[in-house]
Amino acid sequence: MKAILIVITSILLLTSCGSNNDITIGTFNIAWLGDGIDDKSPRTQEDIKNISQVISTLDADILALQEIENSNAIASIVDTVKYSIITSTYPIEQKTALIINKKIEIVNTYQLDAISLGNEDLRPGLVAYCRYNGFDFFVGSFHFKSTSRYDDTPYKKSRSFDIRQEQSEILIKEIKKLVTIKNDKDVILLGDFNDNPSKKNSNITALDNDEFDFLTSNMMSCKYSIWKSIDHIIVSQSMKSRAKNSTLTMIDINAMFPEEAAKKVSDHCPVIVKMNLDN
Numbered sequence: 069m070k071a072i073l074i075v076i077t078s079i080l081l082l083t084s085c086g087s088n089n090d091i092t093i094g095t096f097n098i099a100w101l102g103d104g105i106d107d108k109s110p111r112t113q114e115d116i117k118n119i120s121q122v123i124s125t126l127d128a129d130i131l132a133l134q135e136i137e138n139s140n141a142i143a144s145i146v147d148t149v150k151y152s153i154i155t156s157t158y159p160i161e162q163k164t165a166l167i168i169n170k171k172i173e174i175v176n177t178y179q180l181d182a183i184s185l186g187n188e189d190l191r192p193g194l195v196a197y198c199r200y201n202g203f204d205f206f207v208g209s210f211h212f213k214s215t216s217r218y219d220d221t222p223y224k225k226s227r228s229f230d231i232r233q234e235q236s237e238i239l240i241k242e243i244k245k246l247v248t249i250k251n252d253k254d255v256i257l258l259g260d261f262n263d264n265p266s267k268k269n270s271n272i273t274a275l276d277n278d279e280f281d282f283l284t285s286n287m288m289s290c291k292y293s294i295w296k297s298i299d300h301i302i303v304s305q306s307m308k309s310r311a312k313n314s315t316l317t318m319i320d321i322n323a324m325f326p327e328e329a330a331k332k333v334s335d336h337c338p339v340i341v342k343m344n345l346d347n
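Structure representation (structure tokens):
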């Protein structure tokens with residue numbers, strides 16, 4: 069275990085090297101992170117400590133989070149002196165969220181309700197317009213519809229595919245609106261999209277276009293090695309050259325903790341990359 073942690077730390081040290089205008093961004097679905105009151109997936113203090121260790125190890129400046137109950141749940145795992153916390157207003161137990169280092173100015177925030185298709189059991193998008201050392205950019209947290217065991221009929225399964233496709237189309241439209249409002253094409257989209265653009269019959273094809281680039285399309289799942297990753301970092305073309313691809317990393321929580329402890333952290337692994345925001 070000590071050797072594994074040394075390897076992970078070494079990788080993260082590589083991502084930490086850079087100019088003063090480098091920031092680390094990432095995404096992490098923490099799987100039903102509750103506030104400790106009647107949680108759907110109860111966790112012990114040791115579990116919370118382990119999640120906090122993962123967050124601390126990432127040392128991200130901006131981290132998109134998914135499946136969060138509320139800001140109190142986030143406050144239990146992050147340094148609130150260091151980070152600002154933003155969450156969507158619904159669903160009750162699986163909100164989208166962003167934690168942003170307070171050295172980064174949050175100029176505006178936007179909840180993209182259109183992405184939930186009028187259904188508050190689905191997740192809206194959450195976007196912040198940020199400024200760091202004079203560089204302005206959008207960053208968002210998203211969590212698209214999954215295809216799960218609850219989609220137990222051909223119709224439900226097919227409908228889940230259609231919903232993801234519709235969500236991806238709406239996301240592009242909503243982002244274009246924000247880009248127009250701010251006259252700024254610098255965009256980072258983070259989250260659990262429950263699909264991969266390189267999969268046969270991908271249902272998020274609207275996001276795979278000339279205006280955006282999936283940095284993570286070739287990543288594999290940390291849970292099932294034959295599956296493509298569904299947790300993504302997507303950047304606009306104006307941001308693509310700012311991504312330091314050598315720092316793109318999926319942190320395997322299964323290597324950080326014993327099997328049962330890792331399961332209580334999440335069934336996803338965080339993905340991070342360093343971006344250079346030199347003007």
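With the first letter of the sequence shown counted as 1, position 168 gets the number 236 in my numbering; the numbers rise by one all the way through.
Positions of the beta carbon are idealized from the N, C-alpha and C atoms, including for glycine.
Pairwise C-alpha distance: residue j and residue i
i, j, result
"L133", "I153", "10 Å"
"Y218", "N88", "47 Å"
"K224", "N344", "42 Å"
"F212", "R232", "6 Å"
"T284", "I302", "8 Å"
"D147", "W295", "33 Å"
"V255", "D115", "34 Å"
"L258", "A329", "26 Å"
"G94", "L166", "10 Å"
"A41", "E327", "Any property of residue 41 remains undetermined from this structure, which presents the chain solely from 69 to 347."
"E173", "Y292", "38 Å"
"L194", "N176", "11 Å"
"T125", "I321", "11 Å"
"A323", "Q121", "13 Å"
"M287", "N269", "17 Å"
"M307", "N347", "12 Å"
Counted within 10 angstroms of its Cβ, other Cβ atoms place residue i as buried (16 or more) or exposed
i, result
"G186", "exposed"
"D106", "exposed"
"K342", "buried"
"P110", "exposed"
"G104", "exposed"
"Y197", "buried"
"E242", "buried"
"N313", "exposed"
"V149", "exposed"
"N262", "buried"
Other residues of its chain near residue i: CB distance less than 7 Å, five sequence neighbours each side excluded
i, result
"N201", "N89, L345"
"S139", "I153, T155"
"I238", "A182, I183"
"I119", "I98, I145, V333"
Range covered by the beta strand (DSSP E) that runs through residue i
i, result
"M343", "339-344"
"Y200", "193-200"
"A165", "163-169"
"K308", "Where K308 is concerned, there is no enclosing beta strand (DSSP E), although the alpha helix (DSSP H) it sits in stretches over 305-308."
"K312", "311-318"
Whole-Å CB distance - residue i paired with residue j, under 8 Å assumed
i, j, result
"I136", "K163", "5 Å"
"F210", "N271", "About 14 Å; that fails the 8 Å criterion."
"L275", "S226", "Rounded, the Cβ-Cβ distance is 20 Å, inconsistent with contact."
Close-in-space but distant-in-sequence residues of the same chain around residue i (CB under 6 Å, 5 per side omitted)
i, result
"S334", "I98, A99"
"I130", "I93, I168, V207"
"K70", "With a pLDDT of only 44 at K70, under 50, the local geometry of the prediction cannot be trusted, and the value read off the model is given with reservation. Hits under 6 Å: none found."
Own chain, CB closer than 8 Å to residue i, minus 5 neighbours either side, in chain order
i, result
"Q305", "K253, D278, E279, F280, D281"
"D204", "V175, Y197, C198, K250, D252, D254"
First and last residue of the uninterrupted alpha helix (DSSP H) at residue i
i, result
"Y151", "From DSSP, Y151 is part of no alpha helix (DSSP H) but of the beta strand (DSSP E) over 151-155."
"E328", "327-333"
"E237", "222-250"
Test: residue i CB closer than 9 Å to a CB of chain B
i, result
"Q162", "No chain B appears in the structure shown, which is made up of a single protein chain."
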